[in-house]
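According to the UniProt record's numbering, the sequence shown holds residues 1 to 470 in order.
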Amino acid sequence: MEEIDKEKSTKDDIDVRLKWLGLFHRRKHQYGRFMMRLKLPNGVTTSAQTRYLASVIRKYGKDGCADVTTRQNWQIRGVVLPDVPEILRGLAEVDLTSLQSGMDNVRNPVGNPLAGIDPDEIVDTRPYTNLLSQFITANSRGNPEFTNLPRKWNVCVVGSHDLYEHPHINDLAYMPAMKDGAVWIQFAADDVLPACKAVLEAYRDLGTRGNRQKTRMMWLIDELGIEGFRSEVVKRMPRQELERESSEDLVQKQWERRDYFGVHPQKQEGLSYAGLHIPVGRVQADDMDELARLADIYGTGELRLTVEQNIIIPNIEDSKIEALLKEPLLKDRFSPEPPLLMQGLVACTGKEFCGQAIIETKARAMKVTEEVQRLVSVSKPVRMHWTGCPNTCGQVQVADIGFMGCMARDENGKICEGADVYVGGRVGSDSHLGEIDKKSVPCKDLVPLVVDILVKQFGAVPREREEMDD
Numbered sequence: 001m002e003e004i005d006k007e008k009s010t011k012d013d014i015d016v017r018l019k020w021l022g023l024f025h026r027r028k029h030q031y032g033r034f035m036m037r038l039k040l041p042n043g044v045t046t047s048a049q050t051r052y053l054a055s056v057i058r059k060y061g062k063d064g065c066a067d068v069t070t071r072q073n074w075q076i077r078g079v080v081l082p083d084v085p086e087i088l089r090g091l092a093e094v095d096l097t098s099l100q101s102g103m104d105n106v107r108n109p110v111g112n113p114l115a116g117i118d119p120d121e122i123v124d125t126r127p128y129t130n131l132l133s134q135f136i137t138a139n140s141r142g143n144p145e146f147t148n149l150p151r152k153w154n155v156c157v158v159g160s161h162d163l164y165e166h167p168h169i170n171d172l173a174y175m176p177a178m179k180d181g182a183v184w185i186q187f188a189a190d191d192v193l194p195a196c197k198a199v200l201e202a203y204r205d206l207g208t209r210g211n212r213q214k215t216r217m218m219w220l221i222d223e224l225g226i227e228g229f230r231s232e233v234v235k236r237m238p239r240q241e242l243e244r245e246s247s248e249d250l251v252q253k254q255w256e257r258r259d260y261f262g263v264h265p266q267k268q269e270g271l272s273y274a275g276l277h278i279p280v281g282r283v284q285a286d287d288m289d290e291l292a293r294l295a296d297i298y299g300t301g302e303l304r305l306t307v308e309q310n311i312i313i314p315n316i317e318d319s320k321i322e323a324l325l326k327e328p329l330l331k332d333r334f335s336p337e338p339p340l341l342m343q344g345l346v347a348c349t350g351k352e353f354c355g356q357a358i359i360e361t362k363a364r365a366m367k368v369t370e371e372v373q374r375l376v377s378v379s380k381p382v383r384m385h386w387t388g389c390p391n392t393c394g395q396v397q398v399a400d401i402g403f404m405g406c407m408a409r410d411e412n413g414k415i416c417e418g419a420d421v422y423v424g425g426r427v428g429s430d431s432h433l434g435e436i437d438k439k440s441v442p443c444k445d446l447v448p449l450v451v452d453i454l455v456k457q458f459g460a461v462p463r464e465r466e467e468m469d470d
């Protein structure tokens with residue numbers, strides 16, 4: 001690494017260009033080590049893939065770990081450059097790729113984590129997310145047409161009433177609807193890929209490439225107006241035609257979003273799935289091996305990752321459920337019945353590994369939530385999201401309570417780590433972004449503030465009062 005740094009061109013190769021291969025140098029916090037991000041359409045992975053990733057990070061000891069991301073994806077940490085060719089060969093052998101997962105590319109296509117097994121499913125999203133991923137990366141060979149967008153670009157396919165996919169914070173979301181007696185996902189099935197291609201081309205050709213805070217596709221739409229942007233998309237469709245959306249939306253507006261934690265029956269008779277809580281998405285090599293083992297023994301060797309950084313084991317025979325629930329991993333680490341305030345806890349990588357993060361997030365999110373739980377009780381989950389910087393990988397604006405890292409001053413005027421606190425974000429049919437409740441709160445002062453917000457706005461009850469009432 002020292003020799004590489006002597007030459008600016010090779011330094012840029014390492015710190016910038018390798019991101020197109022899904023490799024991110026952790027220069028500030030893990031000099032010489034890389035995070036590798038994969039492509040995992042719909043968050044579906046196999047036990048063999050999981051074991052392979054575990055074998056990669058295990059060799060790096062305390063520097064190696066993995067995270068479930070907010071795009072149903074894996075990120076593995078601790079990678080060193082000399083190992084990359086071997087790792088890439090191993091990824092190919094288990095049908096994985098990291099290509100085009102970073103820089104200004106299309107991110108992992110998100111779908112319904114219960115695709116194909118949900119009794120209330122509208123459409124199985126897996127075929128569409130797979131098609132999109134294959135198109136975007138040219139079947140893992142690389143697609144130069146879309147490797148230099150103005151900024152990163154997110155796509156999802158919605159398959160349920162629950163909107164697990166968070167369509168309102170994606171650049172392009174395919175929504176299920178009826179038109180002319182057929183089920184569409186925003187477009188007719190034959191137009192899904194052409195429409196994606198046309199939208200990407202319009203964004204690539206017309207999008208702003210200046211201030212990176214204003215280069216996402218929404219800024220182009222603001223500039224052109226929705227009809228102006230649509231006309232640019234139509235120009236790039238194969239026949240210069242694009243049908244208008246259907247008025248028959250299949251997503252029910254008043255649907256009560258279901259909890260996927262615990263054991264639930266599938267549409268297939270005699271089978272169930274189990275939703276496991278992965279605290280802030282962080283796993284170690286042994287955890288991954290155990291998850292793979294459970295998927296093999298109790299399911300069909302498959303795992304599903306969710307945008308809330310959790311994991312689902314599908315296709316469990318009902319006769320095996322009791323034994324699964326007795327497994328030590330579910331008792332000690334990854335509970336199917338997490339506390340209510342833990343259920344919706346999401347945290348980005350934070351300062352531990354990310355050079356852009358202003359504050360530490362994962363450990364702090366756990367610590368603050370644990371302290372808050374000791375002080376108040378809630379009757380339903382409250383989604384709390386943490387992000388270490390304004391890039392908001394932790395999606396704080398759609399959380400009930402969001403924390404965006406910043407620098408603050410304590411009571412003595414000393415600079416310290418802090419957070420801007422957002423309240424009121426929602427996902428679903430009545431989605432809207434949260435608004436700042438309080439700016440630049442020192443992290444050490446967050447617990448009493450969160451308690452106050454929970455009591456006043458979410459019906460939480462102080463533990464001491466609860467005990468008196470009992």
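By construction, the Cβ of each residue, glycine as well, lies at the ideal position given by its N, Cα and C atoms.
(Q) Our contact map puts Leu433 next to Val441 with C-beta atoms below 8 Å; I'd like the distance itself, whole angstroms only. (A) To locate residue 433, count along the sequence shown from 1; it is residue 433. To locate residue 441, count along the sequence shown from 1; it is residue 441. No, Leu433 and Val441 are not in contact; Cβ-Cβ is about 19 Å, not under 8 Å.
Q: Please list the segments of the alpha helix (DSSP H) lying wholly inside the UniProt domain "Nitrite/sulphite reductase 4Fe-4S" (345 to 454), counting only runs of 4 or more residues, in order along the chain.
A: Whole alpha helix (DSSP H) segments, 4+ residues: 362 to 375.
Q. Taking just the CA atoms, how far does Leu250 sit from Tyr31?
A. Working through the sequence shown from its first residue, we reach residue 31 at position 31. Working through the sequence shown from its first residue, we reach residue 250 at position 250. Cα to Cα, Tyr31 sits roughly 49 Å from Leu250.
Q: Identify every run of the beta strand (DSSP E) within the segment 289 to 344, keeping only runs that are complete inside it and at least 3 residues long; order them along the chain.
A: Counting only runs of 3 or more, we get 302 to 305, 311 to 317.
**Q.** Exposure label - Thr10; buried when at least 16 CB within 10 Å
**A.** Residue mapping note: residue 10 aligns to position 10 of the sequence shown, counting from 1. In this structure Thr10 is exposed. Its beta-carbon is surrounded by fewer than 16 other beta-carbon atoms within 10 angstroms.
Q: Between the Cα of Ala274 and those of Gln240, Ile313, Gly159, spot the shortest distance and give me the residue it belongs to.
A: Position 274 of the sequence shown, counted from the start, is the residue given in the question as residue 274. Scanning Gln240, Ile313, Gly159 for the CA closest to the CA of Ala274 turns up Ile313.
**Q.** Limits of the unbroken alpha helix (DSSP H) element including Asp205
**A.** For this step, residue 205 is matched to residue 205 along the sequence shown. 192 to 206 is the span of the alpha helix (DSSP H), which, as asked, contains Asp205.
Q.
Among the candidates Arg17, Gly350, Ala66, Cys196, whose CA atom is the shortest distance from the CA of residue 473?
A. Because the chain in this structure spans residues 1 to 470, residue 473 falls outside the shown range and cannot be described.
Q. Based on the DSSP secondary-structure assignment, which residues constitute the bridge partners of Lys179?
A. As a first step, residue 179 must be located in the sequence shown, where it is residue number 179. DSSP lists Ala182 as partners of Lys179.
Q: Could you spell out where the alpha helix (DSSP H) holding Gln49 opens and where it closes?
A: The residue labelled residue 49 in the question sits at position 49 within the sequence shown. Start and end: 47 to 58.
Q: Take the Cβ of Gln72 as the centre, count every other Cβ of all protein chains shown within 10 Å, and call the residue buried at 16 or more, exposed below.
A: As a working mapping, residue 72 is identified with position 72 in the sequence shown. Classification for Gln72: buried.
Q. So what does Arg151 bridge to, in DSSP terms?
A. Looking up residue 151 in the sequence shown gives position 151. Arg151 pairs with nothing; no bridge assigned.
Q) Taking Cβ positions only, does Ala408 come closer than 8 Å to chain D? A) In the structure shown, chain D does not exist; there is a single protein chain.
Q: Check whether the segment 358 to 369 touches the segment 31 to 42, counting contact only when three or more Cβ pairs, one atom from each stretch, lie closer than 8 Å.
A: Short answer: they don't touch.
(Q) Between Gly64 and Ala285, how many whole angstroms is the CB-CB distance? I'm expecting something under 8 Å. (A) As a first step, residue 64 must be located in the sequence shown, where it is residue number 64. As a first step, residue 285 must be located in the sequence shown, where it is residue number 285. Confirmed, about 7 Å.
Q: For Val79, collect the residues of the same chain with a Cβ closer than 6 Å to its Cβ; drop the 5 residues on either side in sequence, then sort them by chain order.
A: In the sequence shown, counting from the first residue as 1, residue 79 sits at position 79. Cβ neighbours of Val79 beyond the five flanking positions: Phe34, Met36.
Q: Tell me whether Thr164 sits in a helix, a strand or coil according to DSSP, three-state version.
A: Within the sequence shown, numbered from 1, the residue matching residue 164 stands at position 164. Sequence inspection shows Tyr at residue 164; the Thr mentioned does not correspond to that position. Here Tyr164 sits in coil by DSSP.
Q) Near Gly355, which residues of its chain fall below 8 Å by C-beta distance, leaving aside the five closest residues on each side in sequence? A) For the purposes of this step, residue 355 is taken as residue 355 along the sequence shown, with counting starting at 1. Closer than 8 Å at the Cβ level, and outside the excluded window around Gly355, lie Arg26, Arg27, Lys28, His29.
Q. Where does the unbroken beta strand (DSSP E) through Val79 begin, and where does it stop?
A. What you label residue 79 is simply residue 79 of the sequence shown in a count that begins at 1. DSSP places Val79 inside the beta strand (DSSP E), whose first and last residues are 74 to 80.
Q. Sorted by chain position, which residues of the same chain lie with C-beta nearer than 6 Å to Val68's C-beta, five sequence neighbours on each side aside?
A. As a position in the sequence shown, residue 68 is number 68, starting the count at 1. Excluding its 5 nearest sequence neighbours in each direction, Val68 has C-beta neighbours in its own chain below 6 Å: Ile278, Gly281, Leu305, Gln309, listed in chain order.
Q: Could you round the C-beta distance between Thr45 and Leu303 to whole angstroms and report it? I think they count as a contact, below 8 Å.
A: Taking the first residue of the sequence shown as position 1, residue 45 is located at position 45. Taking the first residue of the sequence shown as position 1, residue 303 is located at position 303. For Thr45 against Leu303, the beta-carbon gap comes to about 5 Å, under 8 Å, which counts as contact.
**Q.** Option in Tyr52, Ile401, Leu132 with minimal Cα separation from Arg89
**A.** Along the sequence shown, read from residue 1 onward, the residue named residue 89 stands at position 89. Answer by Cα proximity: Tyr52.
Q) Quick one: Cα of Leu132 to Cα of Asp410, how far? A) Here the question's residue 132 lines up with position 132 in the sequence shown. Here the question's residue 410 lines up with position 410 in the sequence shown. Cα atoms of Leu132 and Asp410: separation of roughly 48 Å, rounded to the nearest angstrom.
Q: In angstroms with no decimal places, state the Cα-to-Cα distance between Lys152 and Asn105.
A: The residue you call residue 152 lines up with position 152 of the sequence shown. The residue you call residue 105 lines up with position 105 of the sequence shown. Cα to Cα, Lys152 sits roughly 5 Å from Asn105.
Q. Where does Asp205 land, buried or exposed, given buried means 16+ other C-beta within 10 angstroms?
A. In the sequence shown, residue 205 corresponds to position 205, counting from 1. Note on Asp205: under 16 other CB atoms within 10 angstroms of its CB, so exposed under the neighbour-count rule.
Q: Identify whether Ala173 lies in helix, strand or coil by the three-state DSSP scheme.
A: As a working note, residue 173 is residue 173 in the sequence shown. In this structure, Ala173 counts as strand in the three-state DSSP scheme.
Q. Can the beta-carbon of Gly142 be found closer than 8 Å to that of Lys19?
A. Counting from one through the sequence shown, the residue named residue 142 turns up at place 142. Counting from one through the sequence shown, the residue named residue 19 turns up at place 19. 8 Å or more divides the Cβ of Gly142 from the Cβ of Lys19.
Q | 8 Å Cβ cutoff met for Glu337 and Gly262 | A | As a first step, residue 337 is located in the sequence shown; it is residue number 337 there, counting from the start. As a first step, residue 262 is located in the sequence shown; it is residue number 262 there, counting from the start. Gly262 sits close to Glu337, with the two beta carbons spaced by under 8 Å.
Q) Hey, quick one: how far does the alpha helix (DSSP H) through Glu89 stretch, first residue to last? A) Indexing the sequence shown from 1 puts residue 89 at position 89. Before going further, note that residue 89 is Arg rather than Glu in the sequence given. Looking at the DSSP string, the run of the alpha helix (DSSP H) that includes Arg89 is 84 to 93.
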